[in-house]
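These protein sequence lines map, in sequence, to chains H and X. So the first sequence is residues 1 to 246, counted in UniProt numbering. So the second sequence is residues 1 to 246, counted in UniProt numbering. For glycine and all other residues, C-beta sits at the position ideal for the given N, C-alpha and C. Only a predicted model underlies this, so the values are computations on that prediction, with no experimental measurement involved. Notes to accompany the following structure.
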Amino acid sequence: MGSSRNLTLYVDFFSQPSRAVIIFCRVNEIEADVHLVSLRKKESRQPPFLAINPLGQVPAIDDGGFTLSESHTIMRYLAATRKVADHWYPEDLEKRACVDRVLDWHLGNLRRGVAPYVVHRELAPLLGRTKNPTLAAEAEACLKQSLMTMETVWLKDSPFFAGGSQPSIADISSACELQQLKLLDKEESGALLAPYEKVKAWMVAVEEFTAPYFVEVHGELEKLAKILQDRRKSEAEGEVETAPKL
Amino acid sequence: MGSSRNLTLYVDLLSQPCRAVTIFCRVNEIEADVQIVSVLKKETREPPFLAINPLGQVPAINDGGFTLSESHTIMRYLAATRKVADHWYPEDLEKRACVDRVLDWHFGNLHRDAAQFLEHRELAPRLGRTKNPTLAAEAEDSLKQSLKTMETVWLKDSPFLAGGSQPSIADISSACELQQLKLLDKEETGALLAPYEKVKAWMVAVEEFTAPYFVDAHGVLEKLAKILEERRKSEAEAEVETAPKL
């Protein structure tokens with residue numbers, strides 16, 4: 001165990017939890033080979049990858065033969081085995097519990113808001129699925145509730161989530177989650193985030209603390225966001241052109 | 001910190017994560033005052049409880065002034081501060097990661113699927129909401145996938161979910177989740193679980209290891225399950241009586 005092991009990360013840059021793990025590794029100078037596993041090409045469901053993670057999900061790691069999945073678990077494990085700076089996952093049991101609490105809250109709340117919202121407002125056709133407006137509406141409600149919780153509870157008295165003056169793995173995880181909203185129409189996501197001043201300030205703070213890695217790791221997502229924005233623009237113009245002339 | 005603090009648990013025993021925390025405390029002889037907070041009566045949304053957990057959710061704890069929510073976080077924190085037996089949440093980093101992995105998997109899989117299935121097969125109309133048969137069908141498929149994961153991955157080589165020969169907090173959490181299915185028609189639940197021999201054996205093993213606390217904690221759920229069973233029976237009889245006579 002420790003830094004002498006060979007670590008391989010299996011990731012897809014379009015996956016929020018994959019990005020969180022990569023940023024965490026880079027910011028902490030944890031050496032790792034990075035294997036890209038394309039979700040769109042369904043590579044995560046094929047035998048070579050299934051040997052690493054039989055659940056067929058990214059991110060996953062192979063640490064000198066020890067395989068693991070679930071981004072929060074991976075970050076907790078790497079924080080401990082690579083002995084990173086304490087603020088990422090504190091030794092103090094109360095501080096650690098504050099980080100765990102946000103990590104768990106994320107899985108049951110923010111993830112359940114963002115992921116289906118982005119799928120059912122935008123991504124579904126790209127993934128061979130059908131948009132479902134009911135699920136989009138439910139996800140939107142969950143997302144707004146989650147943003148309210150971030151604004152009024154997690155960020156109430158501190159610049160980062162778990163009460164610390166420096167970020168923890170919970171901040172990286174949630175910040176990557178929110179970035180997924182970039183795949184939506186810019187005005188729509190802008191309007192969604194507009195009421196939440198602390199959340200917006202926090203996003204900047206996380207990006208700055210993990211610079212330049214945060215922006216680098218989000219490069220692919222930005223490219224896709226631009227393609228989707230251009231496509232939406234042409235579709236809107238196409239509609240205007242084909243609208244009946246009055 | 002440690003066993004000299006006054007610990008209060010805020011729970012509603014109809015809630016799966018509340019039962020998990022309660023059973024964990026009892027099996028480890030962790031002294032605690034138990035305050036019942038009813039979700040159905042909306043006591044979780046009232047000021048006294050919101051002072052403990054502004055998110056308005058159970059379970060929550062107050063440990064000598066330190067408040068916490070999220071059942072997995074609570075169990076991790078109590079395991080460490082009360083120095084329970086190692087198998088519940090191991091010190092060894094690889095074994096611990098295996099427990100964390102199942103705990104995290106639980107949120108997006110077993111917990112989400114079981115809750116959605118229950119909502120749209122049974123509970124929705126009884127709580128003033130609308131059943132959605134499509135969502136029920138999707139949840140059922142997903143739930144079967146989760147059961148398959150338990151059967152073929154988590155329980156593949158060991159009697160408990162995280163690879164140990166004794167249970168961890170992941171076993172308590174998931175076992176309480178599956179018990180929630182008792183609120184459904186008995187035959188239907190029986191049929192759902194039928195193919196999963198290892199899962200069924202595991203449920204018995206968890207119950208035995210935590211006896212008598214597991215059954216005790218599920219008393220309230222069992223009562224509700226019986227009430228629902230009788231109600232379904234009367235509803236079925238009413239339908240037969242009002243069916244057109246041919």
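- If one requires a minimum length of 3 residues, the beta strand (DSSP E) runs lying completely within the segment 62-128 of chain X are 66-69, in chain order.
- In the DSSP assignment, no residue is bridged to F24(X).
- For H87(H), no pairing in a beta bridge is given by DSSP.
- Using a Cβ-Cβ cut-off of 8 angstroms, A97(H) counts as an interface residue toward chain X, since at least one Cβ of chain X sits closer than that to its own.
- Using a Cβ-Cβ distance cut-off of 8 angstroms, the segment 7-18 of chain H and the segment 57-64 of chain H are in contact, since at least three pairs of beta carbons, one from each stretch, lie closer than that value.
- By the 16-neighbour rule on beta-carbons within 10 angstroms, N6(X) is exposed.
- In the DSSP assignment, I36(X) forms a beta bridge with V11(X).
- What S69(X) touches in chain H, judged by beta-carbon distance under 7 angstroms, is R101, going in chain order.
- Judged by DSSP secondary structure, V34(H) falls within the beta strand (DSSP E) whose first and last residues are D33 to L36.
- By the neighbour-count definition (other C-beta atoms within 10 Å, threshold 16), S174(X) is a buried residue.
- According to the DSSP assignment, Y213(X) belongs to the alpha helix (DSSP H) that extends over Y213 to A217.
- At a cut-off of 8 angstroms between beta carbons, H87(H) makes no contact with chain X.
- F66(H): member of the beta strand (DSSP E) spanning F66 to S69, first to last residue.
- When secondary structure is reduced to three states using DSSP, Y196(H) falls in the coil class, being assigned neither helix nor strand.
- Under the criterion of beta carbons closer than 8 angstroms, L68(X) and L221(X) do not qualify as touching, at roughly 24 angstroms.
- Between L50(X) and T149(H) a beta carbon distance of about 13 angstroms is seen, past the 8 angstroms cut, so the two are scored as non-contacting.
- For R101(X), the residues of chain H that pass the 7 angstroms Cβ criterion are L68, S69, E70 and T73, in the order they occur in the chain.
- Counting only residues of its own chain and dropping the five nearest sequence neighbours on each side, I74(X) has a CB closer than 7 angstroms to the CB of V21, P59, I61 and L68.
- Listed along chain X, the residues sitting closer than 7 angstroms to W105(H) by beta-carbon distance are E70.
- Residue pairing from DSSP places I61(H) in a beta bridge opposite L9(H) and L68(H).
- Non-local C-beta neighbours of A124(H) in its own chain, meaning closer than 8 angstroms and more than five positions away in sequence, comprise T130, K131 and N132, ordered along the chain.
- Exposure of D157(H) is indicated by the presence of fewer than 16 other C-beta atoms within 10 angstroms of its C-beta.
- Looking at the backbone, the Cα of E29(H) and that of F214(H) are separated by about 14 angstroms.
- The beta-carbon separation of L221(H) and K182(H), rounded to 6 angstroms, stays under the 8 angstroms limit for a contact.
- Under the DSSP definition of a beta bridge, A60(X) partners with Y10(X) and S69(X).
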